[in-house]
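Protein sequences, first through last, are from chains A and B.
Quick note: to get the working numbering, add 91 to the position in the first sequence (first position is 1).
Quick note: to get the working numbering, add 195 to the position in the second sequence (first position is 1).
Don't be surprised by glycine CBs; every beta carbon is placed ideally from N, CA and C.
None of the values given here were measured: they were computed from a predicted structure.
Written below as structure tokens is the structure these notes are about.
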Amino acid sequence: MKKLINDPADVVDDALRGMAAAHPELRIDPEHRVVFRGDAPVAGKVGLVSGGGSGHEPLHGGFVGLGMLDAACAGEVFTSPVPDQMVAATQGVDAGAGVLHIVKNYTGDVMNFEMAAELVAAESGTEVVSVVTDDDVAVQDSLYTAGRRGVGVTVLVEKLAGAAAEQGRPLAEVAEVARRVNGQGRSMGMALTSCTVPSAGKPTFDLPADEMELGVGIHGEPGRRRVPVAPAREVAEMLLEPVLADLDFTGGDGVLAFVNGMGGTPLLELYVVYAEVQAVLAKAGVTVARSLVGSYMTSLEMAGCSITLLKVDDELIRLWDAPVRTPALRWGV
Amino acid sequence: MATLDTDALGAWVREYARAVTEHRDELTELDSAIGDADHGTNMHRGMTAAVAALDATPPADGAALLKTVAMTMISKVGGTSGPLYGTLFLRMSGALDDGSPAAFAAAFRAGVEGVVARGKAELQDKTMVDALLPAADALTEAVGAGQELDVALRAAADAAARGRDSVTPLVARKGRASYLGERSADHVDPGAESAVLLVEAAAATLGRS
Chain A
92 MKKLINDPAD VVDDALRGMA AAHPELRIDP EHRVVFRGDA PVAGKVGLVS
142 GGGSGHEPLH GGFVGLGMLD AACAGEVFTS PVPDQMVAAT QGVDAGAGVL
192 HIVKNYTGDV MNFEMAAELV AAESGTEVVS VVTDDDVAVQ DSLYTAGRRG
242 VGVTVLVEKL AGAAAEQGRP LAEVAEVARR VNGQGRSMGM ALTSCTVPSA
292 GKPTFDLPAD EMELGVGIHG EPGRRRVPVA PAREVAEMLL EPVLADLDFT
342 GGDGVLAFVN GMGGTPLLEL YVVYAEVQAV LAKAGVTVAR SLVGSYMTSL
392 EMAGCSITLL KVDDELIRLW DAPVRTPALR WGV
Chain B
196 MATLDTDALG AWVREYARAV TEHRDELTEL DSAIGDADHG TNMHRGMTAA
246 VAALDATPPA DGAALLKTVA MTMISKVGGT SGPLYGTLFL RMSGALDDGS
296 PAAFAAAFRA GVEGVVARGK AELQDKTMVD ALLPAADALT EAVGAGQELD
346 VALRAAADAA ARGRDSVTPL VARKGRASYL GERSADHVDP GAESAVLLVE
396 AAAATLGRS
């Protein structure tokens with residue numbers, strides 16, 4: 092294993108220390124591993140808390156700031172944070188208007204956030220509403236699975252619900268925006284290489300040089316199908332086909348198209364993919380209203396990408412364009 | 196008749212910590228095949244912290260001991276193993292009546308039922324429940340039939356292993372392994388494996404007290 096680390100056991104703490112040094116506008120609680128907005132709690136505003144395993148940076152800590160999250164809890168690499176962290180985050184952002192938990196649909200994340208919400212209700216009576224993201228079409232959604240995973244749409248939920256909260260909207264409305272975005276968004280990812288969890292020291296899965304994994308998760312959990320490596324044009328088609336089959340994205344005000352890098356893929360290649368995405372969507376009669384291209388929800392050093400489409404309307408476009416000032420997303424301010 | 200006092204329960208917890216440390220790489224290996232490659236690391240971190248907490252503040256009684264283990268697992272582990280093993284020890288702590296084998300069997304059953312409620316898993320979903328429920332059944336039955344505790348716990352450990360093996364060919368229906376669909380078949384479930392180690396640790400310690 093070759094990594095720029097000191098000790099595998101210290102990766103998360105060391106990275107948070109670096110984040111605190113690089114972003115004095117944030118406040119980082121090293122004991123609870125929570126990244127707070129410097130001015131949290133913001134009077135009158137609904138607090139937005141998210142979190143999850145580390146290794147997906149900039150998600151979630153890189154999205155803390157004006158117009159997005161108020162706090163983010165960092166778990167061990169690929170492991171959900173614990174309830175104590177979520178309680179500290181929730182109480183630290185509660186300004187009396189309630190708190191929204193944005194939770195990716197993984198059994199551990201859901202369970203720990205549930206326990207945290209129970210603890211907060213018992214301790215301080217803070218009103219907490221949870222919205223679980225589950226946009227990954229690679230996973231069958233049925234009574235007999237853990238349901239679809241929360242992937243790319245989580246970034247969009249954090250931006251759009253964050254903008255709604257920044258406008259001073261009440262908890263119920265902010266939660267409604269989050270739910271609507273999750274309901275109107277779908278994603279599918281792929282990997283060219285595996286990733287290596289620092290504490291494990293070796294690649295999570297083996298992928299032959301001439302194959303790629305379709306439907307891969309963001310924790311290096313293998314996908315559903317292995318196919319020979321193909322040109323970006325075909326990859327874009329393979330990823331978009333199940334997305335377009337799952338929800339009708341034609342008509343209305345179009346979509347937000349998000350091409351996300353998994354951590355080990357250069358922006359040059361992501362733009363190559365984006366060009367193909369635009370072409371496939373044009374052929375399918377889908378209008379692109381907004382786009383986002385970059386590595387925003389990664390899987391350590393995994394090479395690959397995911398594509399997320401979100402059906403948008405006037406309101407969501409306005410929320411997307413609203414000012415945001417975080418380490419990883421920044422415009423309009 | 197064997198008495199399950201604080202020392203005996205402490206020996207069980209320490210033996211389990213030793214076992215998950217010994218099997219850390221194996222658990223992680225199983226998890227990397229159908230999960231996210233952290234089960235061994237997480238269980239090792241949690242149980243090591245639990246033993247450290249017991250060393251730092253020796254518990255007053257068996258219930259306090261189990262509660263310390265529970266709270267440590269919940270606040271140190273994360274993932275699914277933290278809340279699930281934490282719930283198991285927490286419910287056991289609340290249900291532990293006295294030091295009799297029957298009380299231990301009842302407490303263990305309460306713990307397992309807590310895991311079922313928290314994780315919403317059923318038998319054959321291919322999770323730790325597939326090892327724990329048969330173990331609780333075997334333990335209750337053997338203790339109820341008046342078996343010595345070592346015999347009863349041996350039966351429970353064997354039932355846990357059979358339960359784990361019975362779901363190895365199946366497709367997982369809960370947790371990260373379920374994302375794999377058919378590809379999760381013919382793999383040992385890492386949660387069921389760590390649950391077998393828990394019951395084996397009980398047989399190796401409590402059965403001899």
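Given a length threshold of 3 residues, each whole run of the beta strand (DSSP E) inside the region 127–151 of chain A is given here in chain order: 138–145. Residues of chain A whose Cβ lies closer than 8 angstroms to the Cβ of Asp233/B are, in chain order, Glu167, Val168, Phe169, Thr170, Val288, Ser290 and Ala291. Thr287/A carries a strand assignment under DSSP once its states are collapsed to helix, strand and coil. According to the DSSP assignment, Val211/A belongs to no beta strand (DSSP E) but to the alpha helix (DSSP H) extending over Thr198 to Glu214. With a cutoff of 9 angstroms on beta-carbon distance, Val265/A and Leu160/A are scored as not near each other. Secondary structure of Gly259/A (DSSP, three-state): coil.
Taking 9 angstroms as the cut-off, the beta carbon of Val264/B is found no closer than this to the beta carbon of Leu279/B. Taking C-beta atoms as the reference points, Met268/B and Gly289/B fail to come closer than 9 angstroms.
Scanning the region 334–388 of chain A from its first residue to its last, the whole beta strand (DSSP E) runs of 3-plus residues come out as 346–352 and 379–385.
Under the 9 angstroms criterion on CB atoms, Arg371/B is classed as interfacial with respect to chain A. Using beta-carbon distances, His310/A counts as an interface residue toward chain B, with a partner under 9 angstroms. Here Lys195/A is buried, its C-beta having at least 16 other C-beta atoms within 10 Å. Contact with chain B is absent for Gly280/A, since none of that chain's Cβ atoms lies less than 9 angstroms from the residue's Cβ.
The three-state secondary structure of His192/A, taken from DSSP, is strand.
Listed along the chain, the chain A residues whose CB falls inside 7 angstroms of the CB of Pro278/B are Met202, Asn203 and Met206. Taking Pro132/A as reference, the option from Ala300/A, Ser382/A, Val155/A and Gly146/A with the minimal CA-CA separation is Val155/A.
With contacts defined as CB atoms closer than 9 angstroms, Gly386/B and Gly166/A fail to qualify as a contacting pair. Exposure of Asp381/B is indicated by the presence of fewer than 16 other C-beta atoms within 10 angstroms of its C-beta. DSSP places Leu305/A within a strand segment (E or B) once states are collapsed to three. Taking a C-beta cut-off of 9 angstroms against chain A, the contacting residues of the region 244–277 of chain B are Ile269, Ser270, Lys271, Val272, Gly273, Gly274, Thr275, Ser276 and Gly277, listed in chain order.
For the pair Glu332/A and Arg316/A, the CB atoms are not nearer than the 9 angstroms cut-off.
Beta-bridge annotation (DSSP): Val155/A is paired with Leu160/A.
Residue-level contact check: Asp226/A does not touch chain B, since none of the beta carbons of chain B fall below 9 angstroms from its beta carbon.
For Met202/A, the closest C-alpha among the options Asp404/A, Val415/A, Gly395/A and Ala237/A is that of Ala237/A.
Judged by DSSP in its simplified three-state form, Leu375/B adopts helix. In chain order, Gly235, Thr236, Met238 and His239 place their CB closer than 8 angstroms to the CB of Arg219/B, counting only its own chain and leaving out the 5 sequence neighbours on each side. When 8 angstroms is used as the limit between beta carbons, Arg240/A is near these residues of chain B: Tyr374, in chain order. Runs of the alpha helix (DSSP H) spanning 4 or more residues and lying entirely within the region 241–282 of chain B occur at 257–271, in chain order.
In terms of Cβ geometry, Ser397/A and Val242/A form a close pair [threshold 9 angstroms]. Annotation: the continuous alpha helix (DSSP H) that includes Ser361/B extends over Leu344 to Val362.
Identification of residues in the region 250–278 of chain A having a C-beta nearer than 7 angstroms to some C-beta of chain B yields an empty set. Between Asp301/A and Val326/A, the beta carbon gap of about 14 angstroms keeps them out of contact (Cβ cut-off 8 angstroms). According to DSSP, Ile398/A shares a beta bridge with Met279/A and Val350/A. Straight through space, the alpha carbons of Glu336/B and Gly183/A are spaced by roughly 49 angstroms.
Here Asn97/A is exposed, its C-beta having fewer than 16 other C-beta atoms within 10 Å.
Here Pro294/A is bridged, per DSSP, to Thr287/A.
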